[in-house]
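Before any comments, here is the structure.
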Amino acid sequence: KAGVTQTPRYLIKTRGQQVTLSCSPISGHRSVSWYQQTPGQGLQFLFEYFSETQRNKGNFPGRFSGRQFSNSRSEMNVSTLELGDSALYLCASSLSGGRKETQYFGPGTRLLVL
Amino acid sequence: GNSVTQMEGPVTLSEEAFLTINCTYTATGYPSLFWYVQYPGEGLQLLLKATKADDKGSNKGFEATYRKETTSFHLEKGSVQVSDSAVYFCALSDPGDSGGSNYKLTFGKGTLLTVNP
């Protein structure tokens, strides 16, 4: 079974631009979560989607948004990029987001904002 | 809120040495506990997990026991290899503010392990 895939793997943007990242979950998985990883803050939860609905959201500004499609693929968007948005963005999928379930991570998209 | 505290390291060991990475947590309810590993340039891979008190998770020679009385989930390996060099993250399943049936992962800061031949 194919793992979680993320595109693109690397991205360079300038301040003020916007960016869209894509995530394809493992087949059959309906819950998709996004995390931001930085050296200073570590791994932080952004949001989680299930059946095209956002069920959980972390403490990030409204510039960070996401959506999920009917085939469970998900995208996240960051508008008006700031230097501090430079990070590794990780997507994870699980069957339904339950307490005991394993979240499977993709390789991440590394975003550099100049 | 819920949180995870793990020794930040870095930890440097010689091959075949014994490894312990401490992890303690603060949580309401009964979270599941996880150890993930991240190799350079890659995403996170599940190493092991435990879903209730006194459960022991194990994989590839690594072990961790869910201790509710001490709120701990320490990672151990009897004999490390150079290939174990990576960053290790302790995490718990957290319902977050939604309070619903869906859970996010709350992570510790990560521990960099370097194993020298």
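As they're listed, the protein sequences go chains H and C.
So the mapping is simple: my numbering equals the position in the first sequence, first residue as 1, plus 3.
So the mapping is simple: my numbering equals the position in the second sequence, first residue as 1, plus 30.
Ideal Cβ positions, reconstructed from N, Cα and C, are used throughout, including at glycine.
Being a predicted model, the structure only gives us computed values, none of them experimental.
- Residue environment: GLY100 of chain H is assigned as buried (16 or more neighbouring CB atoms within 10 Å of its CB, all protein chains considered).
- For ASN132 of chain C, the closest Cβ of chain H is nearer than 8 angstroms.
- Bounds of any beta strand (DSSP E) do not take in LYS90 of chain C, whose DSSP letter is neither H nor E.
- Residues of the same chain with a CB within less than 6 angstroms of the CB of THR42 of chain C, apart from the 5 flanking positions on each side, are THR144 in chain order.
- Contacts with chain H at 8 angstroms (Cβ-Cβ) do not include LEU78 of chain C.
- Taken in chain order, the unbroken stretches of beta strand (DSSP E) that lie wholly in the stretch 46-110 of chain C and span 3 residues or more are 49-51, 53-56, 63-68, 74-80, 86-89, 92-95, 105-107.
- With a threshold of 8 angstroms between beta carbons, THR81 of chain C makes contact with chain H.
- If you look at LYS4 of chain H, you'll find it isn't in any beta strand (DSSP E); DSSP assigns it neither H nor E.
- Around the C-beta of TYR13 of chain H, fewer than 16 other C-beta atoms lie within 10 Å, and the residue is accordingly described as exposed.
- C-alpha of LEU49 of chain C to C-alpha of GLY87 of chain H: approximately 35 angstroms in a straight line.
- Per DSSP, the beta-bridge partners of LEU14 of chain H are H:LEU114.
- Within the stretch 106-120 of chain C, the residues whose Cβ lies closer than 9 angstroms to any Cβ of chain H are, in chain order, PHE119.
- 8 angstroms or more divides the Cβ of GLY87 of chain C from the Cβ of GLY108 of chain C.
- Within chain C, the C-beta atoms nearer than 7 angstroms to that of THR105 of chain H come from LEU76, LYS79, in chain order.
- Within the stretch 86-107 of chain C, no residue has a Cβ lying closer than 9 angstroms to any Cβ of chain H.
- Linking TYR96 of chain C to GLN20 of chain H through their CA atoms gives a straight-line distance of about 45 angstroms.
- With a beta-carbon spacing of about 18 angstroms, LEU91 of chain H and ARG66 of chain H fall beyond the 8 angstroms limit used to define contacts.
- Ranked by Cα distance from ALA116 of chain C, the first of C:THR54, C:TYR66, C:MET37 is C:TYR66.
- Interface criterion not met: the Cβ of GLU78 of chain H is under 8 angstroms from no Cβ in chain C.
- Beta-carbon to beta-carbon, HIS32 of chain H and SER97 of chain H are separated by about 6 angstroms, close enough to satisfy the 8 angstroms threshold.
- In this model, GLY71 of chain C and ASN32 of chain C are separated by some 28 angstroms (Cα to Cα).
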